[in-house]
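Q: Numbering (our numbering), first residue to last: 2 to 410.
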Ligand code: SAJ
């Protein structure tokens with residue numbers, strides 16, 4: 002087949018494109034963001050990840066190209082964002098639709114178009130197939146559609162790209178097998194071929210499963226707080242059961258996957274969802290819970306001014322530089338609503354100024370803070386936690402052992 006054109010060079014598209022290129026496939030990565038394309042062409046990465054630099058170098062030496070143009074070829078992988086509409090919670094397929102339209106304006110007859118972006122069940126049927134028809138193509142002859150969702154976790158992207166099992170959804174079996182052979186160039190995990198709708202649904206369901214499990218842990222944390230019990234001890238004990246595996250509570254669920262995908266089910270099945278919606282609501286309530294706890298702790302310690310409070314961590318989880326849907330940002334929004342705009346903030350992974358009162362080194366941040374709220378468990382704070390010895394610490398991640406006083410979730 003011809004050159005593989007990967008459309009959308011974000012957190013998923015970029016490593017995926019590089020992985021194909023590093024394994025001998027001719028790849029062109031396309032993104033409409035010229036700045037991003039220029040950065041890559043200047044030999045710089047657009048985000049940090051373990052092993053990404055090496056992969057980048059390998060892909061470049063194998064000839065990967067980055068451009069704002071779509072290629073004329075017979076195979077495409079679309080990895081553009083899929084947000085949800087804030088009112089109905091349904092998927093907003095605008096980027097996928099635009100990408101497919103542009104692909105159809107460029108592609109060769111018989112091209113395979115794989116959508117890798119997470120999409121809600123039925124998206125290809127409802128939004129993508131009609132475009133193919135409108136453009137005068139015959140599905141299954143001029144154009145073949147498929148969905149190949151990814152499963153990689155930020156922080157371990159490169160390892161997981163190579164080792165995770167994958168799903169390919171294609172309504173034409175041979176097309177599914179063909180796409181499987183592309184991914185087999187680098188993927189050591191099992192690759193299951195199924196139909197499009199099952200592939201769409203499975204991706205959303207996997208992230209929803211995790212959301213529900215985290216929500217359960219968060220709900221337990223609230224119960225334990227009321228009872229003065231240690232939720233971590235409770236979960237540790239319950240998890241001794243061979244068929245129980247409760248996840249960890251925290252200040253909320255962020256990232257562009259787990260906090261987004263379950264909403265697609267809520268949007269599509271409003272009369273059925275119950276557990277899914279409840280879990281979303283519990284997880285979304287955590288920044289408010291943390292805010293209320295900060296108040297309690299301040300009262301207890303006679304801290305009257307938020308300028309003495311420091312928030313550690315801005316990213317949505319540890320050791321990534323991604324702030325999308327981050328619980329800390331949600332907490333800050335709650336604070337701004339109450340006109341609290343003087344808390345100190347620091348995150349070793351966020352180098353640019355993203356919020357007010359942001360510090361860029363741990364030492365000077367700690368000098369200002371009497372009460373430190375640990376919101377993200379970056380390796381930095383795990384390793385340097387002795388620096389917290391004379392601080393009052395509110396540890397929402399259960400990682401800190403040093404502090405004048407330590408409060409848990
Ligand atoms: N979190 C908790 N408690 C836990 C685990 C996570 O509060 O016990 C929080 C994290 O702090 C974070 C959020 O949940 O704010 C999500 O983090 P995560 O590490 O669980 O997942 P993501 O969003 O980085 O990546 C997920 C993964 N999905 C599953 O594990 C089912 C990944 O495999 C997917 O590829 C990715 O979503 C995606 O792209 O869909």
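Even glycine gets a Cβ: it sits at the ideal position worked out from N, Cα and C.
In the region 305–370, which residue ranges form an unbroken alpha helix (DSSP H) of at least 4 residues, counting only runs that do not cross its ends?
A: Runs found: 328–338 and 363–369.
Q: Under DSSP, the beta strand (DSSP E) around residue 184 begins and ends at which residues?
A: Walking along the chain shown from the start, residue 184 turns up at place 183. Taken as a continuous stretch (DSSP letters only), residue 184 belongs to no beta strand (DSSP E), being part of the alpha helix (DSSP H) at 174–184.
Q: Report the residue from 327, 92, 368 and 374 whose alpha carbon sits nearest the alpha carbon of residue 355.
A: As a first step, residue 355 is located in the chain shown; it is residue number 354 there, counting from the start. Taking only the C-alpha atoms, the option nearest residue 355 is 327.
Q: If you compare alpha carbons, which of 183, 305, 312 and 353 is closest to residue 323?
A: The count along the chain shown starts at 1 and reaches residue 323 at position 322. Comparing Cα-Cα distances from residue 323 to each of 183, 305, 312 and 353, the minimum goes to 353.
Q: Short of 6 Å in beta carbon distance, which residues of its chain neighbour residue 341, apart from the five on each side in sequence? Order them along the chain.
A: Residue numbering aside, residue 341 sits at position 340 when the chain shown is read from its first letter. Counting only Cβ-Cβ distances below 6 Å, and skipping sequence neighbours, we find 307.
Q: Take residue 381 as the anchor and find which of 177, 220, 333 and 313 has the nearest alpha-carbon.
A: By one-based count along the chain shown, residue 381 stands at place 380. It is 313.
Q: Using the C-alpha atoms, what's the distance from residue 168 back to residue 198?
A: Here residue 198 corresponds to residue number 197 of the chain shown, with the count starting at 1. Here residue 168 corresponds to residue number 167 of the chain shown, with the count starting at 1. Straight-line Cα distance between these residues: approximately 11 Å.
Q: To the nearest angstrom, how far is the alpha carbon of residue 171 from that of residue 184?
A: For this step, residue 171 is matched to residue 170 along the chain shown. For this step, residue 184 is matched to residue 183 along the chain shown. Answer to the nearest angstrom: the Cα atoms are 14 Å apart.
Q: Would you mind working out which of 189, 101, 67 and 119 sits nearest residue 258, comparing C-alpha positions?
A: Within the chain shown, the letter at position 257 stands for residue 258. Closest option to residue 258, Cα to Cα, is 119.
Q: Would residue 335 pass as a contact of residue 408 if the rule is Cβ separation under 8 Å?
A: As a working note, residue 335 is residue 334 in the chain shown. As a working note, residue 408 is residue 407 in the chain shown. Cβ distance not < 8 Å, so residue 335 and residue 408 don't count as in contact.
Q: Does residue 280 pass the burial test, meaning 16 or more other C-beta atoms within 10 Å, or should it be called exposed?
A: Residue 280 sits at position 279 when you count from the first residue of the chain shown. Residue 280 is buried by the Cβ-count criterion.
Q: List the endpoints of the continuous beta strand (DSSP E) containing residue 406.
A: Taking the chain shown and counting its residues from 1, the one referred to as residue 406 is at position 405. It spans 406–409 - the beta strand (DSSP E) in which residue 406 sits, taken as one unbroken run.
Q: At the level of alpha carbons, what is the spacing between residue 232 and residue 226?
A: Locating residue 232 in the chain shown gives position 231, where the first residue counts as 1. Locating residue 226 in the chain shown gives position 225, where the first residue counts as 1. Rounded to the nearest angstrom, the two C-alpha atoms are 8 Å apart.
Q: Report yes if the CB atom of residue 266 is closer than 8 Å to the CB atom of residue 316, and no otherwise.
A: By one-based count along the chain shown, residue 266 stands at place 265. By one-based count along the chain shown, residue 316 stands at place 315. Cβ atoms of residue 266 and residue 316: not closer than 8 Å.
Q: With DSSP as the reference, label residue 138 as helix, strand or coil.
A: Counting from one through the chain shown, the residue named residue 138 turns up at place 137. Of the three classes helix, strand and coil, the one that applies to residue 138 here is coil, per DSSP.
Q: Helix, strand or coil, according to DSSP, for residue 75 in the structure here?
A: Taking the first residue of the chain shown as position 1, residue 75 is located at position 74. Residue 75: coil per DSSP, three-state reduction.
Q: Does the beta carbon of residue 246 come closer than 8 Å to any beta carbon on chain C?
A: In summary, chain C is missing from the structure at hand, where a single protein chain is found.
Q: Do the CB positions of residue 186 and residue 24 come within less than 8 Å of each other?
A: Taking the chain shown and counting its residues from 1, one reaches residue 186 at position 185. Taking the chain shown and counting its residues from 1, one reaches residue 24 at position 23. Yes, Cβ-Cβ distance for residue 186 and residue 24 is below 8 Å.
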